[in-house]
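The structure appears right after this line, and notes come after that.
2 protein chains.
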Amino acid sequence: MRIAILLYPGFTTLDAIGPYETLRHLPGAETSFVAERPGPVANDSGKPALVAAASLADVPHPDIIVVPGGPQENLPLAHGPVLDWLKEADRTSTWTTSVCTGSLILGAAGLLTGRRATSHWLYLKDLAAYGVDPTGERVVTDGKYVTAAGVSSGIDMGLTLVGRMEGDRAAQSVQLMIEYDPQPPYDAGSPDKAPADLVAEWRKIRDREEGVTPSR
Amino acid sequence: MRIAILLYPGFTTLDAIGPYETLRHLPGAETSFVAERPGPVANDSGKPALVAAASLADVPHPDIIVVPGGPQENLPLAHGPVLDWLKEADRTSTWTTSVCTGSLILGAAGLLTGRRATSHWLYLKDLAAYGVDPTGERVVTDGKYVTAAGVSSGIDMGLTLVGRMEGDRAAQSVQLMIEYDPQPPYDAGSPDKAPADLVAEWRKIRDREEGVTPSR
Numbered sequence: 027m028r029i030a031i032l033l034y035p036g037f038t039t040l041d042a043i044g045p046y047e048t049l050r051h052l053p054g055a056e057t058s059f060v061a062e063r064p065g066p067v068a069n070d071s072g073k074p075a076l077v078a079a080a081s082l083a084d085v086p087h088p089d090i091i092v093v094p095g096g097p098q099e100n101l102p103l104a105h106g107p108v109l110d111w112l113k114e115a116d117r118t119s120t121w122t123t124s125v126c127t128g129s130l131i132l133g134a135a136g137l138l139t140g141r142r143a144t145s146h147w148l149y150l151k152d153l154a155a156y157g158v159d160p161t162g163e164r165v166v167t168d169g170k171y172v173t174a175a176g177v178s179s180g181i182d183m184g185l186t187l188v189g190r191m192e193g194d195r196a197a198q199s200v201q202l203m204i205e206y207d208p209q210p211p212y213d214a215g216s217p218d219k220a221p222a223d224l225v226a227e228w229r230k231i232r233d234r235e236e237g238v239t240p241s242r
Numbered sequence: 027m028r029i030a031i032l033l034y035p036g037f038t039t040l041d042a043i044g045p046y047e048t049l050r051h052l053p054g055a056e057t058s059f060v061a062e063r064p065g066p067v068a069n070d071s072g073k074p075a076l077v078a079a080a081s082l083a084d085v086p087h088p089d090i091i092v093v094p095g096g097p098q099e100n101l102p103l104a105h106g107p108v109l110d111w112l113k114e115a116d117r118t119s120t121w122t123t124s125v126c127t128g129s130l131i132l133g134a135a136g137l138l139t140g141r142r143a144t145s146h147w148l149y150l151k152d153l154a155a156y157g158v159d160p161t162g163e164r165v166v167t168d169g170k171y172v173t174a175a176g177v178s179s180g181i182d183m184g185l186t187l188v189g190r191m192e193g194d195r196a197a198q199s200v201q202l203m204i205e206y207d208p209q210p211p212y213d214a215g216s217p218d219k220a221p222a223d224l225v226a227e228w229r230k231i232r233d234r235e236e237g238v239t240p241s242r
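Line order of the protein sequences matches chains A and B. Per the working numbering, the first sequence starts with residue 27, numbered consecutively. Per the working numbering, the second sequence starts with residue 27, numbered consecutively.
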């Protein structure tokens, strides 16, 4: 079983690594980071971060496609090699998945039209522009499309998919071994739970369409 | 403020990326992956994964040191360049931290003697061999040493440290933007919560000292 995790310049690292660290333990999984060209790919810090082992052309028909997100200005949303590969690979994939704003890339490829999907909470509106029914849920499965909310939610998405494919025990085994027993020191991980003025501040930054990063 | 995340052949990727994705948003943070030599470093899959931007010699005095873990046989526990760097860097660090079996590396460097610390649940006993008081807690702070439990706990550790350094609001802001509102589909992330026979199975594998990985 071939798993392809797409990398492109400016992706967010944890978006890619949450699914990586869960899905790679599927029996028989051959997991690769793929990009237009093999080699180091810069993440959203601008520095080379993860290494693509294969080019898009090397992995035309993965069984599972994972599309991480990144700051909106970095997303490959225009016609080009990434969207071409994605559309073609999706024709034969068993599962096509995304984390965070990765769902906007699926949307731009026309793969989510008329479907329910999720994204980073600040970008649900943008998802609607692709004819998608956006939901604030953390993991959304609609047919073979599994989308996850912001950055860290790829861990939940990966465990969900392992459970769907290999059963509860396999997923529990992965959860136990990555010791995913979350105990965040705050309860501020969603716009419903974070202090309202903090949420408002981020929405304002977003609406001004400035670069959105948690650096203050 | 200089943050150095140590890479060595065979590290576990999420161990490094949880702290990376939280700590890098500290004001003025300059976050680097560091390794014996700059360039791609293989993770626990054996394939080149993350790229070290700097050599250990390039970053002798980071303010924050992050030591990820990996399968035990991959850990640099013997006298050598990594432990030499770690001991020296720790003399001037503000915080010295680890995720998962990374605490065994801190232990081997003699940095945790007589202190409370944590590790991956399967390796707490090994931690005790370094004169450490092992605890099953998810994040343990003892002086300037902050250790985290298995793999995914580096996210909780990073948020804890951001809160300690920059206050609750800064940490909540990071949590909101990485949308860390965990909703794992199972409640099996610790040995207290996972099915008892699954925990026993893993302990048996561990006691036979076979390679421990969630791949079944």
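The beta-carbon is built from N, C-alpha and C at its ideal position, and this holds for glycine as well. As the structure is a prediction and not an experimental result, all values here were calculated from the model.
Item                                                                                                                            : Value
Sub-8 Å separation of Arg50(A) and Thr39(A) beta-carbons                                                                        : no
Cβ pair Leu185(A), Pro208(B) closer than 8 Å                                                                                    : no
Under 9 Å (Cβ pairs) to chain B, residues found in the stretch 205 to 225 of chain A                                            : Glu205, Tyr206, Asp207, Pro208, Gln209, Pro210, Pro211, Tyr212, Asp213, Ala214, Gly215, Ser216, Pro217, Asp218, Lys219, Ala220, Pro221, Leu224, Val225
Contact with chain A by Gln201(B), beta-carbon distance below 8 Å                                                               : yes
Between the CA atoms of Gly65(B) and Pro74(A) - distance to the nearest angstrom                                                : 9 Å
Interfacial residues, the stretch 69 to 97 of chain A to chain B, with Cβ spacing under 9 Å                                     : Ser71, Lys73, Pro74, Ala75, Leu76, Val77, Ala79
Coil, strand or helix - Ile23(A) by DSSP                                                                                        : One cannot answer for residue 23(A) here, as it falls past the ends of chain A, which runs 27 to 242.
is_contact[Glu47(B), chain A] using C-beta, thresh 8 Å                                                                          : yes
Where Arg242(B) falls, given that 16 or more other Cβ within 10 Å makes a residue buried                                        : Because Arg242(B) carries a pLDDT of 35, less than 50, the predicted location of this residue cannot be relied on, and the following value inherits that uncertainty. Arg242(B) comes out exposed.
Whole-number beta carbon distance between Leu224(B) and Gln98(A), since they are thought to touch under 8 Å                     : Actually they are not in contact, since the Cβ atoms of Gln98(A) and Leu224(B) sit about 41 Å apart, beyond 8 Å.
Partner residues on chain B for Ile131(A), Cβ-Cβ distance less than 8 Å                                                         : Under the 8 Å cutoff, chain B gives no residues; its nearest Cβ is about 17 Å from Ile131(A).
DSSP three-state assignment for Ala68(B), whether helix, strand or coil                                                         : strand
Proximal residues of chain B, C-beta to C-beta of Ile181(A) below 9 Å                                                           : Leu40, Ser178, Ile181, Pro208, Pro210
Cα-Cα separation between Tyr206(A) and Arg234(A), rounded to whole angstroms                                                    : 36 Å
Assigned exposure category for His105(A) - 16 Cβ within 10 Å defines buried                                                     : exposed
Sufficient close CB pairs (3 or more, under 8 Å) joining the stretch 122 to 130 of chain B to the stretch 143 to 161 of chain B : yes
Terminal residues of the alpha helix (DSSP H) in which Ala226(B) lies                                                           : 222 to 233
Exposed unless 16 or more other CB atoms sit within 10 angstroms - verdict on Ala155(B)                                         : exposed
Length of the line joining the Cα atoms of Ser124(A) and Gly95(A)                                                               : 7 Å
Residues in the stretch 136 to 151 of chain B having any Cβ partner in chain A nearer than 7 Å                                  : His146, Trp147
Per DSSP, cross-strand counterpart(s) of Leu76(A)                                                                               : Val67(A), Leu76(B)
Contact check, Asp89(A) vs Thr120(A), beta carbons under 8 Å                                                                    : yes
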